Amino acid sequence: WLQQELAAVALTGFVCIVSHIPILSICAGLFFNKTQTNGDLVIQRNLMHTDFLTLKKLFMQYPQIKVCISGHIHMQDEIHYMNVKYLCNGAVSGNWWKGPFNEFAPSYAVMELFNDGTVKRTMIPYEKK
């Protein structure tokens, strides 16, 4: 379905893809704050898209895709890969309303998408009143 949607988009504009689970995220490998005994990071399938390699090939066909925005893992990261910016935006609930999660304070993202295809993310700390 995504390929059909992308094919229908005008080639003159820019595309922002929004998903709950990150399409690509380094924090998905750091979620449990530990490694395997041999030092390898493990990314569980419920923390990042398991079809990333398929999506990467699809995205390479559409240079107007500039940013992919996600959340889900309550952590923040920014990856520039193959001309696409992947932004994972933390959570306003932090550690499920118990303070920070893995050093990431409760916050929310304000996204600015510009006509030239660039994106600016500003993280706003959330303070319960």
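Once you know that position 16 of the sequence shown is 201 in my numbering, the rest is easy, because the numbers rise by one and skip nothing. Beta carbons: idealized from backbone N, C-alpha and C, even for Gly. Just so we're clear, the structure is a prediction, and the values are computed from it rather than from any experiment.
Range covered by the beta strand (DSSP E) that runs through residue i
{"i": "residue 308", "result": "304–310"}
{"i": "residue 272", "result": "269–274"}
{"i": "residue 262", "result": "261–266"}
{"i": "residue 250", "result": "250–255"}
{"i": "residue 202", "result": "200–203"}
Spatially closest choice to residue i from the options, by CA coordinates
{"i": "residue 291", "options": "305, 301, 304, 261", "result": "261"}
{"i": "residue 206", "options": "256, 198, 237, 247", "result": "256"}
{"i": "residue 201", "options": "264, 252, 188, 303", "result": "252"}
{"i": "residue 273", "options": "192, 211, 189", "result": "211"}
{"i": "residue 199", "options": "298, 187, 232", "result": "298"}
{"i": "residue 243", "options": "278, 267, 229", "result": "267"}
For residue i, the three-state DSSP class (helix, strand or coil)
{"i": "residue 241", "result": "helix"}
{"i": "residue 290", "result": "coil"}
{"i": "residue 232", "result": "coil"}
{"i": "residue 191", "result": "helix"}
{"i": "residue 209", "result": "coil"}
{"i": "residue 298", "result": "strand"}
{"i": "residue 226", "result": "coil"}
{"i": "residue 284", "result": "coil"}
{"i": "residue 279", "result": "coil"}
Within 9 Å, strictly: CB atoms of residue i and residue j
{"i": "residue 254", "j": "residue 308", "result": "no"}
{"i": "residue 249", "j": "residue 215", "result": "no"}
{"i": "residue 191", "j": "residue 237", "result": "no"}
{"i": "residue 282", "j": "residue 313", "result": "yes"}
{"i": "residue 289", "j": "residue 259", "result": "yes"}
{"i": "residue 287", "j": "residue 218", "result": "yes"}
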